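**Student:** Going by numbering that gives the first Met the number 0, the first residue of the sequence shown is number 0, and it counts up by one from there.
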Amino acid sequence: MAWSDHKFSDQFSAARGKLKNGAVADTFAAQKTALLQAMSDSGFEASANPALEALRSAMRNPTTGEAPGTQQDSRLLRAVGHSGAATGDVDQDTRERAGALKFMSHVYLIKQRGAQKVWIHNLPTAFADWPHYATGAASADAVRPMLRASTEKFSADDLKNLSDAMQDGLRWCQKTLELLGAFNGAGTAKAAAVAMIKRWFADENTDATQLAAHVSTLTTGFKAIQAAFNRNQIVLTDFPTLRGASAGPTKKFRMSEAFVWGKAHRETLDVIYIEDGFFGTNNTMKGKTNWARILVHELSHSMQGTADVEPGPRYSWYGIAPNAANFSSAKAITNADSWAFFAADCAGVLTETERAKALTVK
Numbered sequence: 000m001a002w003s004d005h006k007f008s009d010q011f012s013a014a015r016g017k018l019k020n021g022a023v024a025d026t027f028a029a030q031k032t033a034l035l036q037a038m039s040d041s042g043f044e045a046s047a048n049p050a051l052e053a054l055r056s057a058m059r060n061p062t063t064g065e066a067p068g069t070q071q072d073s074r075l076l077r078a079v080g081h082s083g084a085a086t087g088d089v090d091q092d093t094r095e096r097a098g099a100l101k102f103m104s105h106v107y108l109i110k111q112r113g114a115q116k117v118w119i120h121n122l123p124t125a126f127a128d129w130p131h132y133a134t135g136a137a138s139a140d141a142v143r144p145m146l147r148a149s150t151e152k153f154s155a156d157d158l159k160n161l162s163d164a165m166q167d168g169l170r171w172c173q174k175t176l177e178l179l180g181a182f183n184g185a186g187t188a189k190a191a192a193v194a195m196i197k198r199w200f201a202d203e204n205t206d207a208t209q210l211a212a213h214v215s216t217l218t219t220g221f222k223a224i225q226a227a228f229n230r231n232q233i234v235l236t237d238f239p240t241l242r243g244a245s246a247g248p249t250k251k252f253r254m255s256e257a258f259v260w261g262k263a264h265r266e267t268l269d270v271i272y273i274e275d276g277f278f279g280t281n282n283t284m285k286g287k288t289n290w291a292r293i294l295v296h297e298l299s300h301s302m303q304g305t306a307d308v309e310p311g312p313r314y315s316w317y318g319i320a321p322n323a324a325n326f327s328s329a330k331a332i333t334n335a336d337s338w339a340f341f342a343a344d345c346a347g348v349l350t351e352t353e354r355a356k357a358l359t360v361k
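1. Around the Cβ of Glu256, are there at least 16 other Cβ atoms within 10 angstroms (buried) or fewer (exposed)?
2. Can you check DSSP and say which residues form a bridge with Thr236?
3. If the criterion is Cβ atoms closer than 8 Å, does the pair Gln303 and Ser41 meet it?
4. Run through DSSP, which three-state label would Val89 get?
5. Quick check on Ser104: does DSSP put it in helix, strand or coil?
6. Taking the C-alpha atoms as reference points, what is the distance between Ser327 and Ala201?
7. On the DSSP letters alone, give me the boundaries of the alpha helix (DSSP H) that Thr249 sits inside.
8. For the candidate residues Asp90, His120 and Leu76, whose alpha-carbon lies nearest to that of Phe238?
9. Given this structure, state the Cα-to-Cα distance separating Tyr317 from Asn281, to the nearest angstrom.
10. What is the DSSP secondary structure of Arg242, counted as helix, strand or coil?
11. When we look at the beta-carbon of Gln91 and count the other beta-carbons within 10 Å, is it buried (16 or more) or exposed?
12. Report yes if the C-beta distance between Trp171 and Ala346 is below 8 Å; otherwise report no.
13. In its own chain, which residues sit with a C-beta less than 6 Å from the C-beta of Met254, not counting the 5 before and 5 after it?
14. Which residues mark the beginning and the end of the alpha helix (DSSP H) in which Leu54 is found?
15. Contact between the segment 5-20 and the segment 92-99 is defined here as three or more beta-carbon pairs at a separation below 8 Å; is this criterion met?
16. Excluding sequence positions up to five away, which residues of its chain have a Cβ less than 6 Å from the Cβ of Pro130?
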């Protein structure tokens, strides 16, 4: 089975199905109802956070009358109708129902501002697959360490950085759309807009008709990206089957900053996969601005169908200055990092050094 056969959307649907159709203990019935109300066809509902917090509290904290030394695996198994005994058989259906609760217990609302709500799936590092598939394939002995695993993938600092990046990405889109709107105006505002758009998307041969077509494409695209940033069900997660990948294409994905499934293959839910390179220091931008740049880049893939144009790929470190010889205007308008750097420039966050590096002619 390929590493990408199951995606976050598949895990979400599997967990929802197990909660909907599977048995739970009588004492957990009310929490099951609350969790199901938190999950819709389009993702987590805005009302989900209290149910998730209650689940975490029930699974991670000792309860009255509980035997000394009881751990989270026993609590999860008891919640789905198992005895919760520390040893003994656990059938596949029970393992998967417990896995559904384990999955939900590691979903967090990390940002809530206006319409924007950002969810993160922070799966413990002990998992090498999504919880539904990992617990379903595990033996009774192997499933218990999974269910009690508590060391999560992302740190508290990572969560803050991801939250800030989402907010900044939304702000960049707003600034970008303001500039694109000025293109159809007059005076100095129009002149500034024309200059900015030409900087990132016009080569020596680009005429007024082509530039106007680019503005239409950019406006449509950034409205879609802005809407994605502003939806209340966007999810950030890593891809657990990539953990430990040490060679070939899987290592390339693991070492990337982030990725999404492109517009033609979009998932049911809006998901961005955050990988090892996200918090690295090897790109043109650094820190907070780079994190926002990554998210705009990835959402341009999923919402607009941009590409990482070859040869290169055409990231800023390779050079994304439009030029008729090697990186035409027609190619630039399809290139994800061109969109991301254009948005950063519109938002006024690029340094002169960063802009010059990205605008290397190659």
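Glycine included, each C-beta is placed from N, C-alpha and C at the ideal position. These numbers come from a predicted model, not from an experiment.
**Tutor:** According to the structure data:
1. buried
2. His120 and Tyr272
3. no
4. coil
5. helix
6. 8 Å
7. Gly247 to Met254
8. His120
9. 12 Å
10. coil
11. exposed
12. yes
13. Asp275 and Gly276
14. Ala47 to Arg59
15. yes
16. Gly98, Lys101 and Phe102
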